[in-house]
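Residue numbers (the working numbering), protein chains in the order written: chain Z, 8 to 142; chain P, 8 to 124. Note that CB positions come from ideal geometry on N, CA and C, so glycine has one too. Since the model is a prediction, treat every value here as computed from it, not as a measurement.
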Amino acid sequence: MVSQGLTYALMVQGTPYSQQASHSALRFAEALPAQGHRVATVFFYHDGVYNAASMMTPPRDEPHLLERWRALHQTQQCELLVCVASAVRRGLLDEGEARRHGHSHSTLEAPFELTGLGQLMQAALHHDRLITFAP
Amino acid sequence: MDSKSILVIVRHPPHGSSWVREGLETALVGAALSHPPTILFSGDGVLALLSHQQRGALGQKGSAAMLEGLSFYDIEPLWYDQRSLEDRGLDVDQLMSGCQQACIADMIARHDVVMSF
C-alpha cells in the first residue's frame, strides 16, 4: 500500500440484494488497494443497516455480502459502523441491545459495531473522501 | 482538517419514506458537532419545502417541523434547485420561508464533503 494513499469513508444506504448500492460500495472498496488507497470506515445508514444482518443466508450462487464485508474488514482494517437508531428499529441488535430490550438472540455481531451519527460525521471530517452509496 | 465544509443533499420526497428525516438528522448531528452543514433540496427533495405540510405516511413524524427548526441550529437558508422546482410545476411562492435558490454545481464544488440522501 502506498503511504500517500487516500483514506475513504463510505456511507451505504441501500439494502442488500434488492438494491445495487451495497454491491457497488463493496466493489468500489475492494478496488481501492490496487490504486494505493484504502477504505477506513464504512457507515451503514437507512436500509443499509441490513447489510449487517448476522443471519444473512443467500443462495450459494449469489454473492455473500456479509462475508464480503467481513473480508473487507480483515484485509483493509476498516471499521464497519452501523447507525444504532436505524438498526434497532429494524430489528438489528447486538448482544447488549438484545439483552437490554429483552430478546434472547442478537442479530448483529462483530466486526459490525452499533454506533451513532456522530461517528459518520467524524468519518466525513477525518478521512480524505466520503462517498455515498444510495438507491 | 476539522474545518471541512459539509453539504447535505436531499433528493427524495418528504412522504412515503424516511429519507428526508434521516438526512435532516444527519445535518442536525453535524450542527451539534459545530459543523452546521449546508442543506440543498434537489429533485423530488424540493417537495419537502412546500409550505403547509402535515404529518407523513409510515406513522412517522413529518419533516416540516424539523425543517422549520433548522435555523435554530445555524442551518440556513434552505437551498433549492430552481430547475427541480420548475420541472414539478412549482413556484418559489409555494415554499416555506427561508428558502433560497442555489446552483448545484457551484454548491458541490464549494464543499469538502457531500452527503446525499
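Enclosing beta strand (DSSP E) for residue i [first to last residue]
i, result
"Met18/Z", "Thr14 to Val19"
"Arg136/Z", "Arg136 to Phe140"
"Leu14/P", "Ile13 to Val17"
Endpoints, the alpha helix (DSSP H) within which residue i is located
i, result
"Val91/Z", "Val91 to Arg96"
"Ser91/P", "Gln89 to Asp94"
"Ala109/P", "First-last for Ala109/P: Cys106 to Ala109, but that is the beta strand (DSSP E), not the alpha helix (DSSP H)."
"Glu75/P", "Ala71 to Gly76"
For residue i, the nearest candidate out of the options (CA to CA)
i, options, result
"Phe124/P", "Gln11/Z, Val19/Z and Gly43/Z", "Val19/Z"
"Ala94/Z", "Gly123/Z, Glu74/Z and Thr48/Z", "Gly123/Z"
"Arg130/Z", "Asp68/Z, Leu17/Z and Gln84/Z", "Residue identity differs from the one stated: residue 130/Z is Ala in this sequence, not Arg. Closest by alpha carbon: Leu17/Z."
"Met103/P", "Gly50/P, Ser10/P and His59/P", "His59/P"
"Pro142/Z", "Gln11/Z, Ala28/Z and Leu13/Z", "Ala28/Z"
"Trp26/P", "His30/Z, Gly21/Z and Gln26/Z", "Gly21/Z"
"Ala32/Z", "His133/Z, Leu72/Z, His108/Z and Gly103/Z", "Leu72/Z"
"Ala78/Z", "Val49/Z, Leu121/Z, Arg96/Z and Ser25/Z", "Val49/Z"
"Phe48/P", "Gly23/P, Gly96/P and Gln108/P", "Gln108/P"
"Val91/Z", "Cys85/Z, Gly103/Z and Gln81/Z", "Gly103/Z"
DSSP-derived helix/strand/coil call for residue i
i, result
"Ser123/P", "strand"
"Glu102/Z", "helix"
"Leu56/P", "helix"
"Leu132/Z", "helix"
"Leu127/Z", "helix"
"Leu85/P", "strand"
"Tyr24/Z", "coil"
"Leu102/P", "strand"
"Leu33/Z", "helix"
Own chain partners of residue i with C-beta closer than 7 angstroms, once the 5 adjacent residues on each side are dropped
i, result
"Asp81/P", "Ala38 and Pro43"
"Thr114/Z", "Ala60, Ser61, Met62, Gly98, Leu99 and Leu100"
Beta-carbon contacts of residue i that lie in its chain and below 6 angstroms, excluding the five residues immediately before and after
i, result
"Asp98/P", "none"
"Gly96/P", "none"
Residues that residue i contacts on chain B, provided the C-beta gap is smaller than 8 angstroms
i, result
"Gly37/P", "Judged by its chain identifiers, the structure shown contains no chain B, and its protein chains are Z and P."
Contact set for residue i: own chain, Cβ-Cβ below 8 angstroms, skip 5 residues either direction
i, result
"Arg75/Z", "Leu33 and Glu37"
_So within the stretch 25 to 51 of chain P, which uninterrupted beta strand (DSSP E) runs reach at least 3 residues, ignoring any that extend past its ends?_
45 to 48
_Complete alpha helix (DSSP H) runs within the stretch 35 to 95 of chain Z (minimum length 4 residues, chain order)_ = 72 to 83
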